[in-house]
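Worksheet: the structure to be examined is printed underneath.
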Amino acid sequence: DGGITQSPKYLFRKEGQNVTLSCEQNLNHDAMYWYRQDPGQGLRLIYYSQIVNDFQKGDIAEGYSVSREKKESFPLTVTSAQKNPTAFYLCASSILAGRPDTQYFGPGTRLTVL
Amino acid sequence: DQQVKQNSPSLSVQEGRISILNCDYTNSMFDYFLWYKKYPAEGPTFLISISSIKDKNEDGRFTVFLNKSAKHLSLHIVPSQPGDSAVYFCAASQNRNAGNMLTFGGGTRLMVKP
Chain A
50 DGGITQSPKY
60 LFRKEGQNVT
70 LSCEQNLNHD
80 AMYWYRQDPG
90 QGLRLIYYSQ
100 IVNDFQKGDI
110 AEGYSVSREK
120 KESFPLTVTS
130 AQKNPTAFYL
140 CASSILAGRP
150 DTQYFGPGTR
160 LTVL
Chain B
180 DQQVKQNSPS
190 LSVQEGRISI
200 LNCDYTNSMF
210 DYFLWYKKYP
220 AEGPTFLISI
230 SSIKDKNEDG
240 RFTVFLNKSA
250 KHLSLHIVPS
260 QPGDSAVYFC
270 AASQNRNAGN
280 MLTFGGGTRL
290 MVKP
């Protein structure tokens with residue numbers, strides 16, 4: 050049963066703490082992405098990775114870090130430098146070569162900073 | 180600078196009637212467009228897409244229309260069903276070496292009343 054999994058579904062963090070969100074896919078997709086959604090807003094790209102051991106900043110990368118040590122995994126760390134981390138975080142993946150450009154999303158993680 | 184805009188934050192439609200969701204874009208380099216459906220606290224689900232070489236794509240109750248000269252696309256749902264109530268995002272992509280990058284609109288919340 051192929052898909053994208055994100056864990057945990059809900060996460061609470063105290064101010065000043067780093068926290069890591071998990072994203073795993075078994076679709077054999079090359080590219081993976083992290084987005085953030087705030088209430089009433091669209092999806093904004095945080096980081097993306099097209100290949101293992103390589104990743105690029107998206108539109109709102111400040112205060113976040115990622116790693117891509119395995120094709121299947123793309124964890125996101127929300128650091129204490131992120132000024133407004135409370136949001137819904139979505140991970141996605143896609144094939145890299147050719148078109149179409151469909152990205153497939155995981156179920157998301159809601160992060161709340163207390 | 181929002182390159183993809185969904186100007187209607189919400190839309191209410193009676194069950195059985197047609198739902199029309201609109202999306203405008205500014206970047207003439209976009210050549211592939213997608214619609215996603217999202218329920219609360221879940222990841223977006225891919226719905227339908229269209230290439231810029233076409234002006235219409237149909238899949239069951241869902242039809243996407245593209246007007247390149249107006250830089251406008253729309254999603255028609257006929258007939259609308261209560262289960263269609265969700266937030267709908269349009270997204271656009273352009274062919275570039277950076278890979279399958281999508282730019283999302285802000286979303287339109289559709290409410291289908293029984």
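Taken in sequence, the protein lines are chains A and B. Numbered according to the working numbering, the first sequence spans residues 50 to 163. Numbered according to the working numbering, the second sequence spans residues 180 to 293. Even for Gly, the Cβ is constructed at its ideal location relative to N, Cα and C.
Subject >> Euclidean distance between Cα positions of residue 185 of chain B and residue 100 of chain A >> reply: 32 Å
**OP:** Going by CA-CA distance only, name the one from A:110, A:127 and A:104 that's closest to residue 118 of chain A.
**Re:** A:104
Original post:
Are there 16 or more other CB atoms within 10 angstroms of the CB of residue 209 of chain B, so buried, or fewer, so exposed?
Top reply: buried
Original post:
residue 315 of chain B to residue 189 of chain B, Cα distance in whole Å?
Top reply: Since the first and last residues shown for chain B are 180 and 293, residue 315 of chain B lies out of range.
**OP:** Report the three-state DSSP secondary structure of residue 203 of chain B (helix, strand or coil).
**Re:** strand
Subject >> With 16 other Cβ atoms within 10 Å as the buried cut-off, status of residue 198 of chain B >> reply: buried
Original post:
When the Cα atoms are used, what is the spatial distance from residue 130 of chain A to residue 286 of chain B?
Top reply: 28 Å
Subject >> residue 234 of chain B - DSSP class collapsed to helix/strand/coil >> reply: coil
Original post:
What does residue 117 of chain A reach in chain B if we use C-beta pairs closer than 8 Å?
Top reply: Those do not exist, as residue 117 of chain A stays about 13 Å from chain B at its closest Cβ, beyond 8 Å.
**OP:** Tell me, please, which residues DSSP counts as bridged to residue 250 of chain B.
**Re:** In the DSSP output, where bridge partners are listed per residue, residue 250 of chain B has none listed.
Subject >> Chain-ordered chain A contacts of residue 241 of chain B [CB-CB under 7 Å] >> reply: Chain A residues near residue 241 of chain B: none, gap ~15 Å exceeds 7 Å.
Original post:
residue 282 of chain B and residue 182 of chain B look like a contact to me (Cβ under 8 Å); what is the Cβ gap, rounded to whole Å?
Top reply: 5 Å
**OP:** Please check the pair residue 160 of chain A and residue 60 of chain A, which I expect to be a contact at CB under 8 Å, by giving their CB distance rounded to whole angstroms.
**Re:** 5 Å
**OP:** For residue 264 of chain B, collect the residues of the same chain with a Cβ closer than 7 Å to its Cβ; drop the 5 residues on either side in sequence, then sort them by chain order.
**Re:** 289, 290 and 291
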